[in-house]
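A quick write-up on the structure given underneath.
In our numbering, the protein residues as written are 91 to 241.
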């Protein structure tokens with residue numbers, strides 16, 4: 091089911107992901123729940139207040155478990171992790187897209203994160219448009235057309 095995402099939610103997410111420490115926190119916690127001291131050490135932070143600041147900013151993405159005090163990702167945090175991975179790996183190369191268009195075929199496994207969660211696709215598309223050059227935007231538009239045509 092498609093969830094509408096407001097412009098303010100997109101802007102808030104872009105703001106959260108615009109900080110390397112917060113991206114690293116999401117990646118570390120996704121790998122395995124972590125205690126405050128583990129995060130402090132693995133992030134090489136000397137200031138507990140700095141870590142507290144970032145954890146507080148991410149309250150919708152991270153939860154502190156009551157039974158052991160470890161930090162874990164919320165469902166929304168897991169979605170954001172999927173977005174980070176998709177962003178790092180790229181959606182699809184221009185060559186792959188052209189080949190698939192010529193063969194008139196797009197596999198269901200091409201963009202699994204977005205097929206399962208359309209709201210992530212909207213956020214990802216917004217991030218691309220906001221941050222990358224025009225050639226990438228053209229590629230993304232072509233991908234959207236392929237998804238709509240074959241999705």
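Where is the CB? At the ideal position from N, CA and C, for every residue including glycine.
Beta-carbon separation of residue 123 and residue 160 under 9 Å? yes
Is residue 155 buried or exposed, if buried means 16 or more other CB atoms sit within 10 Å of its CB? exposed
Would you mind sorting residue 167 into buried or exposed? The rule is 16 or more other CB atoms within 10 Å of its CB. buried
How far does the alpha helix (DSSP H) with residue 245 in it extend, from its first residue to its last? The displayed coordinates of the chain run from 91 to 241. Any statement about residue 245 would go beyond what the structure contains.
Measuring alpha carbon to alpha carbon, tell me which residue in 131, 173, 125 is nearest residue 106. 173
For residue 163, the three-state DSSP class (helix, strand or coil): strand
Are at least three pairs of beta-carbons, each pair with one atom in the stretch 98–117 and one in the stretch 125–145, less than 8 Å apart? yes
Anticipated Cβ contact below 8 Å, residue 153 with residue 138, distance rounded: Contact flag wrong, Cβ pair sits at about 19 Å.
Which residues bound the beta strand (DSSP E) around residue 140? Premise fails: residue 140 lies in the alpha helix (DSSP H), 138–147, not in any beta strand (DSSP E).
Under the three-state DSSP convention, the category residue 200 falls into: Confidence at residue 200 is low in this model, with a pLDDT of 44, below 50, so its placement is unreliable and no value can be given for it.
Bridge partners - residue 152, DSSP secondary structure assignment: 163
Label residue 119 either buried or exposed according to how many other C-beta atoms from any shown protein chain fall within 10 Å of its C-beta, with 16 as the threshold for buried. buried
What is the rounded straight-line gap between the Cα of residue 128 and the Cα of residue 175? 22 Å
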